[in-house]
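A.B. asks: Before anything else, here's the structure in question.
Numbering (my numbering), first residue to last: 510 to 770.
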């Protein structure tokens, strides 16, 4: 069997043309489409990778921010607790001081009221005791006591200091200077002569002596020469006792008895 080379060659050319045509119009577009698709997929994957990286970065940033916020929250709460505790301590201290001040003021007020009440009571008791003593001494005054008072008054005149005697002479030497002897009881004639005779060596020159009974004196005798006064009476002792009691009451001392002991 002979080979028709022209046919073979023609078939080979047709095959080559077919291959070229297939490559040109079928395989080429398909390969290009596949390459383009692959490139698109690669871009998608790269974009996804980038998005994933961005998401991971965002998650890391969010986690760090959350941690920072948590730390800041803890710090703020801790600072707030410290500030609240400090304010509470300050307020408690102020409240304690206010309570102590109110308590001390109340105690001082109560002490002042108590002291005022006790002092008023002491004053009333002292005044009552002195008034009672005056009434008792006034009721007990009698003839023996009166004679004793005259004797005591004469003895006091004898024991006048030189300065007191000089003042008495000066006062008695003035023209018109009245001389009066006040007594809590009526002096008899003998007692009046005795007192006038006692005044003569002291005053050297004296005018008439007026003898006056005074209800203001309690068991006592008083000599008035002009503006000078000399005397002795239980009233004087009672007055001194009242003043002494008042001084001791003001000082808060227990008793003035030792001062007159």
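Think of the CB as a built atom: it goes at the ideal place given N, C-alpha and C, for glycine as much as any other residue.
If you draw a straight line from the alpha carbon of residue 600 to that of residue 589, how long is it in whole angstroms?
C.D. replies: Your numbering for residue 600 matches position 91 in the chain shown. Your numbering for residue 589 matches position 80 in the chain shown. Taking the straight line from one Cα to the other gives about 16 Å.
A.B. asks: Tell me the DSSP bridge mates of residue 731?
C.D. replies: For the purposes of this step, residue 731 is taken as residue 222 along the chain shown, with counting starting at 1. Looking at the DSSP assignment, residue 731 forms a beta bridge with 691, 740.
A.B. asks: So, under 8 Å CB-CB, residue 693 and residue 657 are touching, yes? Tell me the CB distance rounded to an integer number of Å.
C.D. replies: Here residue 693 refers to the residue found at position 184 when the chain shown is read from its first residue. Here residue 657 refers to the residue found at position 148 when the chain shown is read from its first residue. The Cβ separation is near 13 Å, so there is no contact.
A.B. asks: How would you call residue 681, buried or exposed, if buried means at least 16 neighbouring beta carbons within 10 angstroms?
C.D. replies: As a working note, residue 681 is residue 172 in the chain shown. Its Cβ being crowded by 16 or more others within 10 Å, residue 681 is buried.
A.B. asks: If you compare alpha carbons, which of 659, 513, 625 is closest to residue 699?
C.D. replies: As a position in the chain shown, residue 699 is number 190, starting the count at 1. It is 659 whose Cα lies nearest to the Cα of residue 699.
A.B. asks: Tell me the residue span of the beta strand (DSSP E) that contains residue 720.
C.D. replies: Residue numbering aside, residue 720 sits at position 211 when the chain shown is read from its first letter. Per DSSP, residue 720 belongs to the beta strand (DSSP E) from 718-722.
A.B. asks: So for residue 697, helix, strand or coil by DSSP?
C.D. replies: The residue you call residue 697 lines up with position 188 of the chain shown. In the structure shown, residue 697 sits in coil (DSSP, three-state: anything other than H, G, I, E or B).
A.B. asks: Give the C-beta separation of residue 691 and residue 723 to the nearest angstrom, bearing in mind that I take them to be a contact with Cβ-Cβ under 8 Å.
C.D. replies: If you number the chain shown from 1, residue 691 lands on position 182. If you number the chain shown from 1, residue 723 lands on position 214. The Cβ separation is near 4 Å, so the contact holds.
A.B. asks: How is residue 550 classed by DSSP in three states: helix, strand or coil?
C.D. replies: Against the chain shown, residue 550 aligns to sequence position 41. Three-state result, residue 550: helix.
A.B. asks: So residue 689 and residue 733 are supposed to be a Cβ contact under 8 Å. How far apart are they, rounded?
C.D. replies: On the chain shown, residue 689 is found 180 positions in, with the first residue counted as 1. On the chain shown, residue 733 is found 224 positions in, with the first residue counted as 1. Contact flag correct, Cβ pair sits at about 5 Å.
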